[in-house]
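**Student:**
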Amino acid sequence: MAVGIFDSGLGGLTVLDAVAKRLPDVPFVYYGDNAHAPYGVRDADDVYELTTAGVQRLFDAGCDLVILACNTASAAALRRMQEAWVPADKRVLGVFVPLIEALTERQWGDNSPPREVAVKHVALFATPATVSSRAFQRELAFRAIGVDVEAQPCGGVVDAIEDGDMILAEALVRSHVEALQRRMPKPEAAILGCTHYPLMEDVFQDALGEGVAVYSQANLVAESLADYLTRHPDKLGDGTEAAFLTTGDPARVSNKAIQFLRRKIEFVKA
Ligand code: DGL
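Heads up: the sequence shown begins at 1 in the numbering used here, then just goes up one per residue.
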């Protein structure tokens, strides 16, 4: 049994960390497409091609279920993959739905019609590709009515984090929050819609102020996955080994991964 975790690079390790803690007996195979990161500035066709190639590699590694930990891939490629590419005996799930279910106070898998929810003004911080896909607004509209979403494309933040330049990352986060607040002065909730942003969660919270509920994905995805596997134990797949695969340079990627996991892991060539 093994479950695949796909990401454009290292950000998905924030999700990997949470799911591995929640499901310690499940071997996870992580795939980071570091050779082609960041995805956030690519067009949808490009993201689709890269994502399907990576997910196929995870199927080949014995995973029947793959989580797209990358918001950009979830936003730009997932629907197209589910409609026309994923084989009938496999599943590919994204990271938006668990977040939206939490925001709209729904139980997992509650597919009842959209209804009014407590929160009315939501700020979304994500990569330019995720924002321009409008996938978050589309998924939200299936579940809630009357929610105003203001999205801020956070150019530069992923690159700064990947470069380890946390001073620049903090300055960029503060300026993106300010830009958003000019359009939506008082959001009630803020969604961190990118796997890299949990590393900047304190800065987002500080810039937004105490009264704003900040939703970060990793733990929500872990709970959702645990629930899914209880309902679909057959989707554990036949792989038995945990692994960290990268399309980039394994030594370099392994070193950078310490920043995300605070422990050493060994990536191998995908
Ligand atoms: N992992 C991507 C996401 O969650 C961000 C990094 C990228 O742009 O590739 O959106």
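From the three backbone atoms N, C-alpha and C, an ideal C-beta is built for every residue, glycine too.
Quick one: does the C-beta of aspartate 165 sit closer than 7 Å to a heavy atom of the ligand DGL?
**Tutor:** no
**Student:** Just reading off the alpha helix (DSSP H) that aspartate 45 is part of, what are its end residues?
**Tutor:** 44 to 60
**Student:** Going along the chain, which unbroken runs of the alpha helix (DSSP H) with 4 or more residues stay wholly within the stretch 156 to 204?
**Tutor:** Counting only runs that start and end inside the stretch 156 to 204, the alpha helix (DSSP H) elements of at least 4 residues fall at 157 to 162 and 166 to 183.
**Student:** State buried or exposed for phenylalanine 278, treating a residue as buried only when at least 16 other CB atoms are found within 10 Å of its CB.
**Tutor:** Only positions 1 to 270 of the chain appear in the structure, and residue 278 is not among them; the question remains open.
**Student:** Throw me the rounded Cβ distance for the arginine 91 and aspartate 64 pair, which I believe falls under 8 Å.
**Tutor:** 7 Å
**Student:** Compute the Euclidean distance between the alpha carbons of valine 253 and valine 97, then round it to the nearest angstrom.
**Tutor:** 29 Å
**Student:** Give me the residue from Val203, Val19 and Lys269 with the minimum Cα distance to leucine 168.
**Tutor:** Considering only alpha carbons, the answer is Val203.
**Student:** Per DSSP, arginine 115 forms a beta bridge with which residues?
**Tutor:** Ala144
**Student:** Taking Cβ to Cβ, would you say arginine 57 is nearer than 8 Å to alanine 242?
**Tutor:** no
**Student:** Please return the same chain residues whose Cβ sits closer than 7 Å to the Cβ of histidine 121, not counting the five positions on each side in sequence.
**Tutor:** The residues are Asp148, Met184, Lys186, Pro187 and Glu188.
**Student:** Any heavy atom of the ligand DGL within a distance shorter than 7 Å of the CB on aspartate 7?
**Tutor:** yes
**Student:** DSSP state of alanine 251, grouped into three classes?
**Tutor:** If DSSP states are grouped into helix, strand and coil, alanine 251 belongs with the helices.
**Student:** Spell out the partners DSSP gives proline 153 in its beta bridges.
**Tutor:** Ala126
**Student:** Let me know the secondary structure DSSP gives tyrosine 228 once reduced to three states.
**Tutor:** Note: tyrosine 228 maps to helix in three-state DSSP.
**Student:** Run the proximity test for proline 38: is its beta-carbon closer than 7 Å to any non-hydrogen atom belonging to the ligand DGL?
**Tutor:** yes
**Student:** On the DSSP bridge list, what partners appear for tyrosine 30?
**Tutor:** Ile5 and Phe244
**Student:** Tell me which residues share the same chain as threonine 72 and place their Cβ nearer than 7 Å to its Cβ, disregarding the 5 neighbours each side in the sequence.
**Tutor:** Ser8, Tyr39, Gly40, Val47, Thr127, Ala129 and Thr130
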